[in-house]
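A short worksheet on the structure shown next.
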Amino acid sequence: MRYFLVMKKNSNINAQTELVYTKALGWTDSVFDYYIDRAEKEIDQVLTQAPWLLERIQKSSVCIVGGSGRHAFAAINAGFKTVKYIDITPANIARARLRAEQQKIANLSIVHDDIMYHNRELGCFDLVIMNGVFQHLQDPIRGLRLICDLAKENGIIYFDCYSAGSLYMLLLEWLRTFYKFEDFDNTIKLIDDLGLDLIDLNFTSATFSERVCDDLFVPYINYYVEDEIAQGLLQGKFRILKRDFTPKIDHCLPRYDSCQFLIQREKGSTSSLITFTDASNFSLNYSKFPYISNSLEILRNNSDKISRDAEKRVWLLIGLKLRYHDSTDRKANGYTCHEELQTYLNSL
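Okay, here's the thing in structure tokens:
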């Protein structure tokens, strides 16, 4: 029997997370169906890399850690025999339970708890999925070790994380230094008053307010260098089946960027040996990307001006978010993005 170390919960952090995801991410049934469809495609990619799992899928089990529950229903649709879903957010749990009851799904177990503090035996699974969660954990190393321990020998683990090094992540880290959770309601109201949620942002399926809330007001955001995560997994003797499912363009273009890992727990794999560090976008070496280097300098030079003026911060947030994500063409040219950043900041 394996038991998880119990740590004291931070109720303020949990309450803040709950508020962000219930007040700003109120998914309708049709939106949730859309995300289930996306999750099914992700599971298809996983099974493509692990054909032996696909062959015995009707006898296999999967554990879904967080992620709103979309992967739980995608796994049911894919044919997994046993599906367990654990999530910290009551709204996500309530939605999943209602849908499972409506669809009379008998092989889905739903657990309302925080994986970081869960002290009941969850079991061992053929597949473990943690999507959209890793970058928001207070203790990411421990979190990754925990989900790796949920996998059986030869079991598969799929997770994603925010990839450090893009101009978007640099801007995000910079903006978060100016925003406190007390700004949450005012920001949502501003976006609503300006009608910004009606704008089609083709960089994401989320609305503008959903993206702003997720990026600025969730308690924790960490960024990672993909190679360092890979080295940490190899240190723990986990086999990397695939990394970075998303085709890379240029890791320093201003796009919402993440990387994905599909790994296998083998005989001899030891989760306690997995180690890595998060990365500040401000400390990375951008010598190969001069426009990013120049943009970094511009941000540093504008920090004092922005920190003194709340109105400038608001329009900085609105302007940069819309400016850097409203056009695929704009994303294709890092130099153009840097020039626009410089022009925009100079105009404030």
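Sequential numbering from 1 applies to the sequence shown in my numbering.
Yeah, the Cβ is synthetic: ideal placement off N, Cα and C, and Gly gets one too.
Three or more Cβ pairs closer than 8 Å define a contact, and the region 52 to 69 meets that threshold against the region 130 to 140. Taking G319 as reference, the option from I147, L175 and E182 with the minimal CA-CA separation is L175. About 6 Å separates the beta carbons of I147 and I157, which is inside the 8 Å limit, making them a contact pair. Taking 7 Å as the cut-off, the beta carbon of A78 is found closer than this to the beta carbon of I43. Between the alpha carbons of R38 and S258 lies a distance of about 16 Å.
Around the beta carbon of G195, fewer than 16 other beta carbons sit within 10 angstroms, so the residue counts as exposed.
Sixteen is the threshold: since fewer than 16 other Cβ atoms of the shown chains lie within 10 Å of the Cβ of P290, the residue is exposed. Excluding sequence positions up to five before and after A100, its CB lies within less than 6 Å of the CB of L108, all in the same chain and listed in chain order. Contact check for F73 against I36 passes: the beta carbons are separated by less than 7 Å. The beta carbons of N92 and G69 sit about 5 Å from each other, so the pair counts as a contact at 8 Å. Around the CB of K84, 16 or more other CB atoms lie within 10 Å, so the residue is classed as buried. In the displayed model, C148 falls within a helix according to three-state DSSP. For D160, DSSP records a beta bridge to Q260. According to the DSSP assignment, M169 belongs to the alpha helix (DSSP H) that extends over L167 to R176. With 16 or more other Cβ atoms from the protein chains shown falling within 10 Å of its own Cβ, E210 counts as buried. For Y85, the enclosing beta strand (DSSP E) has its first and last residue at T82 to D87. In the structure shown, G155 adopts extended strand secondary structure according to DSSP, grouped into three states.
Under the DSSP definition of a beta bridge, C63 partners with K84 and V128.
Partner residues in the beta bridge of L108, as assigned by DSSP, are V83. Using a Cβ distance threshold of 7 Å, D114 and I141 do not count as a contacting pair. Taking one beta carbon from each stretch, the region 10 to 24 and the region 235 to 243 have fewer than 3 pairs nearer than 8 Å; the two do not touch. Membership of K305 in the alpha helix (DSSP H) is indicated by the continuous run P290 to R308.
Here I76 carries a helix assignment [DSSP, helix/strand/coil]. In this structure, the straight-line span from the alpha carbon of L284 to that of A75 is close to 38 Å. The distance from the Cβ of R313 to that of F178 is about 5 Å, consistent with a contact at the 8 Å cut-off. For L144, the closest alpha carbon among the candidates F276, R300 and S295 is that of F276. With contacts defined by Cβ atoms closer than 7 Å, D304 and Y224 do not form a contacting pair. For L241, there is no enclosing alpha helix (DSSP H); the enclosing beta strand (DSSP E) has its first and last residue at R239 to R243. Around the beta carbon of R56, a 10 Å sphere encloses fewer than 16 other beta carbons of the protein chains shown; the residue is thus reported as exposed. By the C-beta density criterion, I86 is buried, having at least 16 other C-beta atoms within 10 angstroms.
DSSP places Y35 in the uninterrupted alpha helix (DSSP H) bounded by D29 to Q49. Taken atom to atom, the span from the alpha-carbon of T48 to that of A230 is near 20 Å. The beta carbon of S272 sits closer than 7 Å to the beta carbons of R145 from its chain, once the five residues preceding and following it are set aside; these are given in chain order.
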